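Residue numbers (my numbering): 154 to 543. Note that CB positions come from ideal geometry on N, CA and C, so glycine has one too. Everything numeric in this text was worked out from a predicted model, so none of it was measured. Right, one structure below, let's go through it.
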Amino acid sequence: MTTMDWDSLKEKHSKALVDAVQERIIKGTSREIETGAFTDAGFEIRKVMALFRELHQLGVVKQEILLSCPAPNCGNPIDYDVNANPECSNCGLNFEESGERPTEVVKHFVLGQLSRDVPWLIALHGFNTLGEWHRDFGWLVSNKIKYHVPILMYQYPMSRHGVMIRSWHVKLAVELGNSIRKAMKHAKSNGITEAPDIVAHSFGSLVLVTLLDHPMFNDLRFGRIILAGGVVPPNYNFSKHIKSGKCEAVLNHCSSKDLAMTVAPWLIPASGPSGKVGIQGDGVVNVRESEYGHGTYFEEGTLRKNLASGGTWDQFLRLPTTYLHMVDGYFSPNADKWPPFWLPFTSVVRGVLIVFPIIALTLFLIDKVMKIWGAIDHIFGFSKKTSQRE
154 MTTMDWDSLK EKHSKALVDA VQERIIKGTS REIETGAFTD AGFEIRKVMA LFRELHQLGV
214 VKQEILLSCP APNCGNPIDY DVNANPECSN CGLNFEESGE RPTEVVKHFV LGQLSRDVPW
274 LIALHGFNTL GEWHRDFGWL VSNKIKYHVP ILMYQYPMSR HGVMIRSWHV KLAVELGNSI
334 RKAMKHAKSN GITEAPDIVA HSFGSLVLVT LLDHPMFNDL RFGRIILAGG VVPPNYNFSK
394 HIKSGKCEAV LNHCSSKDLA MTVAPWLIPA SGPSGKVGIQ GDGVVNVRES EYGHGTYFEE
454 GTLRKNLASG GTWDQFLRLP TTYLHMVDGY FSPNADKWPP FWLPFTSVVR GVLIVFPIIA
514 LTLFLIDKVM KIWGAIDHIF GFSKKTSQRE
């Protein structure tokens with residue numbers, strides 16, 4: 154499908170008509186596009202045909218003139234030489250004897266990719282989420298929604314203190330990369346050669362971008378990536394991965410009320426509030442909700458809404474790349490500078506949070522050992538015996 158400026162068409166034609174045709178072309182599943190649907194909606198046939206003639210010239214749709222039987226209640230397509238066979242194959246009307254000629258019918262067909270198929274999915278959870286949303290997500294995707302595709306539900310080891318240590322992120326990314334490589338080989342052996350799409354929540358998004366940047370996994374290729382409540386820096390360069398073919402496109406699904414975004418940069422190194430402010434760069438589709446909390450994305454009702462036909466995730470996974478900016482709720486993030494001036498101080502906070510429990514535990518153990526030693530000394534009188542000898 155040709156990349157084009159729809160806004161320029163709105164300057165020459167009815168904006169409402171262009172919007173209706175554009176939505177049908179982008180989100181439709183049938184290659185044939187009926188002009189009658191727009192005249193039935195109240196648009197003048199003259200204006201509809203003028204728009205379609207221009208779309209034909211632009212290479213967005215293909216116009217074909219077909220023949221059909223003129224008999225009432227027939228309309229059978231005539232796709233054969235009427236000179237050699239002047240009779241309708243459906244109703245038997247003889248065009249020569251009746252003096253009626255086949256009717257010319259103008260048909261329009263959408264050119265290019267209509268919608269995209271989802272080959273298979275990989276789901277990555279956050280550091281504080283266990284398997285409950287995985288079960289809901291897997292069930293909805295595989296059974297209740299239209300995506301009957303294989304799903305890899307990857308679960309890495311839980312460690313709440315580990316999220317504050319960057320080396321642990323890298324370790325998880327390596328484990329994830331090895332698991333995905335193994336899954337890709339298994340998928341290929343079962344006839345699935347396409348790259349998987351990915352849905353990553355919270356800390357899972359940071360593990361994913363760590364994997365994308367890791368030189369061990371430059372051979373891995375991904376389809377479309379959905380970040381839900383992600384904690385990626387707003388200036389993370391997804392564009393380089395899209396240009397290199399490592400991934401196709403990214404949906405950053407965020408919320409203005411995700412309180413976890415305020416805390417994440419202070420607790421998790423190399424993270425950022427992308428799940429609230431968006432991610433800059435080409436190839437990233439930012440969609441912001443106004444009422445979502447950090448875990449709302451994976452509540453059953455929200456999953457059903459976003460994965461259903463016309464839902465945010467459905468649109469992102471299905472639309473041709475050219476029209477991803479048409480996903481409902483799309484916005485361009487502000488060009489705020491990242492990192493902010495206070496970011497270096499977050500390492501001090503993490504250091505205190507990591508070291509303080511160790512110091513507290515050490516003091517606790519020393520106190521316990523001293524008390525135990527005091528009790529033993531009280532029973533056996535080691536101190537008294539030592540003083541008597543002196």
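The alpha carbon of Thr188 has as its nearest neighbour, out of Ser392, Glu207 and Val201, the alpha carbon of Val201. Distances from the CA of Trp159 to each of Ile333, Tyr476 and Ser358 were compared; the closest alpha carbon is that of Tyr476. For His209, the enclosing alpha helix (DSSP H) stretches over residues Ile198 to Leu211. Pairwise C-beta distances place the stretch 438–446 out of contact with the stretch 223–239, as fewer than three of them are shorter than 8 Å. Bounds of the beta strand (DSSP E) holding Asp350 are Asp350 to His354. As the crow flies, the alpha-carbon of Lys458 is around 15 Å from that of Val440.
Counting along the chain, the unbroken alpha helix (DSSP H) around Ile395 starts and ends at Phe391 to Ser397. Taking the CA atoms as reference points, Leu412 sits about 47 Å from Phe262. Annotation: Val385 is outside any alpha helix (DSSP H) and is labelled neither H nor E by DSSP. Assigned with DSSP and collapsed to three states, Lys410 falls in coil, not helix or strand. Here the C-alpha atom of Lys399 lies approximately 60 Å from the C-alpha atom of Ile525.
DSSP, reduced to helix, strand and coil, places Val480 outside both helices and strands of the structure shown, so it counts as coil. The residue from Leu208, Gly454 and Lys165 with its alpha-carbon nearest to that of Gln175 is Leu208. The beta carbons of Val360 and Leu325 sit closer together than 8 Å. In its chain, beyond the 5 residues on either side, Ala326 have a beta carbon closer than 6 Å to the beta carbon of His367. Residue nearest to Glu257 within the set Glu217, His278, Val213 and Pro225 is Glu217 (criterion: CA-CA distance). Residues Ser424, Gly425, Pro426, Leu496 and Thr499 of the same chain have their beta carbon placed closer than 7 Å to that of Pro418, with the five preceding and five following residues left out of the count. Arg377 sits close to Glu401, with the two beta carbons spaced by under 8 Å.
In this structure, Phe196 sits near Ser167, with a CB-CB distance shorter than 8 Å.
In terms of Cβ geometry, Val437 and Phe391 form a close pair [threshold 8 Å].
A direct Cα-to-Cα measurement between Val235 and Leu170 gives close to 37 Å. For Phe469, the enclosing alpha helix (DSSP H) stretches over residues Thr465 to Arg471. Thr474 places its beta carbon 8 Å or farther from that of His406. Where Asn459 is concerned, the enclosing alpha helix (DSSP H) starts and stops at Glu453 to Leu460.
For Ile178, the closest C-alpha among the options Leu518, Ile532 and Leu472 is that of Leu472.
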